[in-house]
Every structure is written in C-alpha cells, then in structure tokens.
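Report on the following structure.
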Amino acid sequence: MSMEPPILGADGNGVPGGETVKNTTTQDFMRDVVEASRERPVLVDFWAPWCGPCKQLTPVLEKAVRASKGAVALVKMNIDEHPEIPGQMGVQSIPAVFAFKDGRPVDGFMGALPESQINAFIARLVGETVGTAADVETATAALEAGDVNTAAQIFGQIMQDEPENMEALAGLAKCYVKTGDLERAAQTLALALPDKADDAAIAAAQSALDLARKSNEAGDIDELRAKAAQAPDDPQAQFDLALALNAAGDREGATDALLSVVAKNRSWNDDAARKQLLQFFEVWGPADPATTSGRQRLSSLLFA
C-alpha cells in the first residue's frame, strides 16, 4: 500500500521548520515528531484507511493546523503500515491524536472531535495564542454549536490572561445562561469594568440573561398554548406563549406569536411585542435563520 505524498502548508511551500501537514513512517518518526516538536508542537494523527471516524477527523485536523499558520504541525501515521510506534504508545483504538512538545507527548484525545474542540485543543497547546481575537471567535463558534464546556474553557482562559477582555467576559456569561445558571451569569457580568457597561458584547450578554429570566417566569408551555388557542386575539396570551416557545428552542413559533400581536395590535403595552422581537433577534444573533426570517417578516408588517 503506497503512502500519500506530503501535503505542504497553505501557501504551497511549507512553513519554517518543515511542512505544516505530512505523513511519516516508523523510520522517520523521531525526526518528524520527536525532534520537530522541539521547535513547535506536533500533533500525531494515528489512522487507518478502514477507519470511518478517521476520515471525518483528519480533514478537520488539517484545516485547524493550517489555520494556526505554522504554530503547530500535523504528522499522520497509517497504523496498518506502521504498527510499531502506535503499539509502543498503547494506541488501542483510532482515531487517536497525541500532541508532542519539547520531544515528548504532553496531551491527546481519541475519537472524532468537532472542529470547535480541536481548535480549543490547539489553542491550549500553543498557549501564546490564547486571548487573541481568533480564540474569541473559536469559543463563540463552540457556544453557537452547543459545545458549552469548550466555549467556557476558552473564555475562562482568555479572562485569566486578559481580565479586561469584555468579549470573553460576555461570552462566559452567555455560557452560564446557556446552562441555566443565571445567578453565575449575573455575577460574571457584574465583573464588567464600569466604563465598559455599555460595551456591545456586555449589552448582548445582558439581553440574553434578561430574556432567560423572562422565559423562566413565562409558565407551563402546554397551558400557555391552550390559553393562546382559546384567546387568539389576547396579546398577553400570545406574548407569554412566545417567551415560553423561545425558552423551549422554538424560535419560529416564538416569532409567529409576537408577529400576530404586532399585526393585530402593535401599540399594545407600549409596542411590547415588537420590542421583544428585537430582543430575540439580538440574543439569537444576526446570522441565525430565525433572525433573518423574522426581520424580513417584521419589516413586511411595519412597512407594507
């Protein structure tokens, strides 16, 4: 079975210290991994052609390593062709990834992890990149994907390195909101610097907290559905149902309920339904499909 040719870095010419991504053999392992890790961290991806999860993981690893712009390298070893090294390292199942630094293994994981966790793993490995805008983006992506633990770890590390990073503080607060720990979310937001209280990230996190509190007070969703069905023209019934639906993750249903109030009685309770919709959009984020669709439908009602 022939080996795949080495894959060079994103620029096609490799990076200082060798290729960003390459294959290795038993004979070259010392040079490609152990010795190379004295210059920069090296991830070793133990894989096999018959391994389905390996086929999912390897492209994600390659993407993350190339995105590090030379801060870390990836070396792939086919365990069918080269069983000696994985055997010595106790690899019993694949995919298995080991991180080498300063000539020795320092960390690792098994299984096909999602991209957000791989990015977080690399961020922890290289250390010096933690606290950058890229790490905030990685943590935010993890949170949006539902990987709250990874997001919280990255945001927390950024806060240790940069206590004044309001994006990280706001992100950590959102993690607590996501898990339902509203008290810790409020405590986290209270750490915001006085002159940063109006920061956009802090304001968005505060909106998420406020919305979570409203949703918790909304009541039983089945009872609210029944009440809203019996009184379709009652704006308060529709409003309460919208909060409960949002708490249950039904963003489209929540939008429908509030839009029905806007369509029938926009001025109700000082334009409360429209204002609540705007808060939904802020918390959901501008790229969320429910936000995009909801804004379009709201605009059609207001400017028809």
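If you read the sequence shown in the working numbering, its first letter stands for residue 1000, the second for the next number, and so on. Yeah, the Cβ is synthetic: ideal placement off N, Cα and C, and Gly gets one too. Treat the numbers as computed from the prediction; the structure is a model and nothing was measured.
Residue i in three-state terms, based on DSSP
i	result
L1042	strand
G1293	helix
M1076	strand
A1095	strand
K1068	coil
D1287	coil
G1130	Its pLDDT being 43, under 50, G1130 is placed unreliably in this model, and the value from its coordinates should be taken loosely. Of the three classes helix, strand and coil, the one that applies to G1130 here is coil, per DSSP.
S1299	helix
G1008	Because G1008 carries a pLDDT of 34, less than 50, the predicted location of this residue cannot be relied on, and no value is offered for it.
Contact belief for residue i with residue j at Cβ below 8 Å, rounded distance in angstroms
i	j	result
F1097	G1110	Not confirmed; about 13 Å, so no contact.
A1256	L1277	Contact doesn't hold; Cβ gap of about 15 Å is too wide.
K1177	L1142	7 Å
N1245	A1253	4 Å
L1208	A1184	5 Å
V1064	T1019	6 Å
F1099	V1041	5 Å
I1078	V1090	7 Å
A1072	R1039	6 Å
Contact set for residue i: own chain, Cβ-Cβ below 8 Å, skip 5 residues either direction
i	result
V1129	At V1129 the pLDDT is 43, less than 50, meaning the model places this residue with poor confidence and gives no usable figure here.
T1057	D1044, W1046, K1075, P1094
G1284	E1143, T1290
V1282	A1203, S1206, A1207, L1210
L1297	L1258, V1261, R1273, L1276
E1222	none
G1179	A1211
K1062	E1114
N1215	L1181, A1246
D1101	S1036, R1037
E1251	A1289, S1292
Of the residues the options, the one placed nearest residue i, counting alpha carbons only
i	options	result
A1070	P1104, N1118, I1201	N1118
A1286	T1139, A1185, L1073, I1201	T1139
R1030	R1103, G1179, V1090	R1103
G1145	G1248, D1027, Q1026, F1280	G1248
I1201	G1170, C1050, P1040	G1170
P1113	E1080, P1162, P1052, I1084	P1052
P1082	F1028, R1037, K1054	F1028
I956	P1048, V1125, V1032, V1105	Because the chain spans 1000 through 1303 in this model, residue 956 falls outside it and cannot be assessed.
Residues near residue i in its chain [Cβ-Cβ closer than 6 Å; skip 5 each side]
i	result
A1217	D1239, L1242, A1243
A1172	A1184, T1187, L1188, A1204
D1166	Reading the sequence as shown, one finds Glu at residue 1166 and not Asp. Closer than 6 Å at the Cβ level, and outside the excluded window around E1166, lie V1135, A1200.
S1115	A1140, A1141, A1144, D1146, T1149
E1034	none
T1024	H1081
A1230	A1236
Terminal residues of the alpha helix (DSSP H) in which residue i lies
i	result
G1107	Note, G1107: premise wrong, no alpha helix (DSSP H); beta strand (DSSP E) at 1103 to 1109.
N1245	1234 to 1246
D1209	1199 to 1215
L1173	Strictly speaking, residue 1173 in this sequence is Lys, with Leu absent from that position. Looking at the DSSP string, the run of the alpha helix (DSSP H) that includes K1173 is 1165 to 1178.
Q1026	Where Q1026 is concerned, there is no enclosing alpha helix (DSSP H), given that its DSSP letter is neither H nor E.
V1125	1114 to 1125
G1086	1083 to 1087
L1257	1250 to 1264
L1181	1181 to 1188
L1223	1220 to 1229
V1147	1147 to 1160
Residue interval of the beta strand (DSSP E) (run including residue i)
i	result
V1020	1020 to 1022
Own chain partners of residue i with C-beta closer than 7 Å, once the 5 adjacent residues on each side are dropped
i	result
A1211	V1176, L1181
R1224	L1240
V1260	P1234, Q1237, F1238, W1267, A1272
F1280	T1290, G1293, R1294
C1174	L1142, V1147, A1150, A1151, F1154
A1228	none
G1086	none
Cβ of residue i within 9 Å of any chain C Cβ
i	result
T1025	The structure shown contains no chain C; it holds only a single protein chain.
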